[in-house]
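A.B. asks:
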Amino acid sequence: MGISLRQVEKYSGQIAKTEGSPKFYISNSWLSQMEAMGPVPSVEKLFSLSVIYRINFVELLSLFGIDLERIGLHQVELRLPKTHLASLEVYNEHRTMTFPVRLRKGFKLEKTTLLSRMVRIWGEVPMSVIRHLDIRHSLYGYVGLRDHTMDPLIPSGSFVQIDNRVHEVLRPSSWRTELDRPIYFVKIPGGYACSWCELKRNQLTLVPHPLSRSRLRHFEYAREAEIIGRVTGIAMRIVRPEEQIPDVSAKSPKRS
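If you count the sequence shown from 1, position 173 lands on 537 in my numbering, and the numbers rise without skipping.
1) Could you give the C-beta distance for VAL595 and CYS558, rounded to a whole number, given that I count them as a contact under 8 Å?
2) Considering just the uninterrupted stretch of the beta strand (DSSP E) at GLU584, what are its terminal residues?
3) Mark ALA630 as exposed unless 16 or more other C-beta atoms lie within 10 angstroms of its C-beta, in which case mark it buried.
4) My guess is that PHE388 and SER376 are in contact by the Cβ rule of under 8 Å, so how many angstroms apart are they, rounded?
5) I'd like to check one pair, GLY593 with VAL530: are the Cβ atoms closer than 8 Å?
6) Could you give the residue range of the alpha helix (DSSP H) that holds VAL407?
7) Alpha carbons only, please: which of ILE416, ARG601, LEU449, ILE430 is nearest the one belonging to ILE367?
8) What is the residue span of the beta strand (DSSP E) that GLU562 lies within?
9) What runs of the beta strand (DSSP E), each 3 residues or longer, lie entirely inside the stretch 513-555?
10) Do the CB positions of ILE518 and MET600 come within less than 8 Å of each other?
11) Would you call the stretch 506-513 and the stretch 436-447 touching, i.e. three or more CB-CB distances under 8 Å?
12) Between the C-alpha atoms of SER522 and ASN528, what's the straight-line distance to the nearest angstrom?
13) Please classify GLU423: does DSSP put it in a helix, a strand, or coil?
14) Assuming ILE390 and SER412 make a contact with CB atoms under 8 Å, what is their CB distance in whole Å?
15) Looking only at C-alpha atoms, which of GLY436, SER578, ARG565 sits nearest to ARG535?
16) Beta-carbon within less than 6 Å of SER414's beta-carbon, same chain only, minus the 5 sequence neighbours each way: which residues are those?
17) Is ILE526 buried or exposed, if buried means 16 or more other CB atoms sit within 10 Å of its CB?
18) From the DSSP output, read off the bridge partner residues of GLY402.
19) Just to confirm my understanding: we take LEU580, look at its own chain, exclude 5 residues before and 5 after, and list those with CB closer than 8 Å. What are they?
20) Using a threshold of 8 Å, state whether the C-beta atoms of GLY505 and VAL533 are closer than that.
21) Under DSSP, the alpha helix (DSSP H) around VAL372 begins and ends at which residues?
22) Given GLN567, which residues of its chain have a CB within under 7 Å of its CB, disregarding the five upstream and five downstream residues?
23) Could you give the distance in angstroms between the alpha-carbon of TYR556 and the alpha-carbon of ILE591?
24) Ordered along the chain, which non-local residues of its own chain (more than five positions away) have a Cβ less than 6 Å from that of LYS409?
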């Protein structure tokens, strides 16, 4: 951009003054050392470099081996015991991912099939576009490993999609079977819960699945418990992590 080291020093001094901290200041000698693969810059100095050189802060971090997009990957792998809301942030909106942009003619949604069989053309789509495809304005939650409230309908370790526009607890006459019964994501003291709910006057009762062996939990509605939204989708394992998968490579017994 045609900016000299002296100008970087001057501009960073202005930023440091505005931010009220000398940590944002970049001296001529320090910048020379960094260009020679010297010291790793602090967050404050990276901030100043991002401002001065007009470089995306996320891209600057990647130059030093920090990929913020991997935060979500590690959050999925670190299986926490408590139920909580999941943060699915897009840190670099210009990054692309392979995404189906045209489906094959004649495929039927009623039939089970491979995604690759449904897609005619794959393309590179910006992450920012995919983020805005969420037409339900959904939140996403993770059911903690110790939360067996809805097991086996929603096993612990599952991810759920939440429509955060729905806060009304429906009456029992609104559904016919347990599969029709609304499941809610609820903010409770000390965390969250994913459960069926009953509301009588100002008492909200979290109703567990009968096979879960969990107990009823009662809270004062609005003061102690808040309906975050209704669960509209679920992603779960069909084989639990603790279950050992049989060795399919083992030879079948020979017929006599």
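Yeah, the Cβ is synthetic: ideal placement off N, Cα and C, and Gly gets one too.
C.D. replies: Taking the coordinates as given:
1) Distance from VAL595 to CYS558 at the Cβ level is roughly 7 Å; contact confirmed, criterion being Cβ atoms closer than 8 Å.
2) Where GLU584 is concerned, the enclosing beta strand (DSSP E) stretches over 581-584.
3) Since the displayed the chain opens at 365 and closes at 620, residue 630 lies outside it and no answer follows.
4) Sure, about 6 Å apart at Cβ, within 8 Å.
5) The Cβ atoms of VAL530 and GLY593 sit closer than 8 Å to each other.
6) Taken as a continuous stretch (DSSP letters only), the alpha helix (DSSP H) holding VAL407 covers 407-417.
7) Per the Cα distances, ILE416.
8) Its beta strand (DSSP E) spans residues 555-564.
9) Counting only runs of 3 or more, we get 523-527, 548-552.
10) The criterion of a C-beta distance shorter than 8 Å is satisfied by ILE518 and MET600.
11) Taking 8 Å as the limit for Cβ pairs, the verdict is that the stretch 436-447 does touch the stretch 506-513.
12) Rounded to the nearest angstrom, the two C-alpha atoms are 18 Å apart.
13) Correct three-state label for GLU423: helix.
14) At roughly 6 Å, the Cβ-Cβ gap stays under 8 Å, so ILE390 and SER412 are in contact.
15) Nearest C-alpha to ARG535: ARG565.
16) Excluding residues up to 5 positions away in sequence, PHE421, LEU424 lie with their Cβ nearer than 6 Å to the Cβ of SER414 in the same chain.
17) Buried: at least 16 other Cβ atoms inside 10 Å.
18) In the DSSP assignment, no residue is bridged to GLY402.
19) Cβ within range, chain order: THR569, LEU570, VAL571, PRO572.
20) By the CB criterion at 8 Å, GLY505 and VAL533 fall outside the cutoff.
21) For VAL372, the enclosing alpha helix (DSSP H) has its first and last residue at 369-383.
22) Only HIS582, GLU584, TYR585 meet the Cβ criterion.
23) For TYR556 and ILE591, the gap between their C-alpha atoms comes out near 10 Å.
24) Same-chain partners within the cutoff: ILE390.
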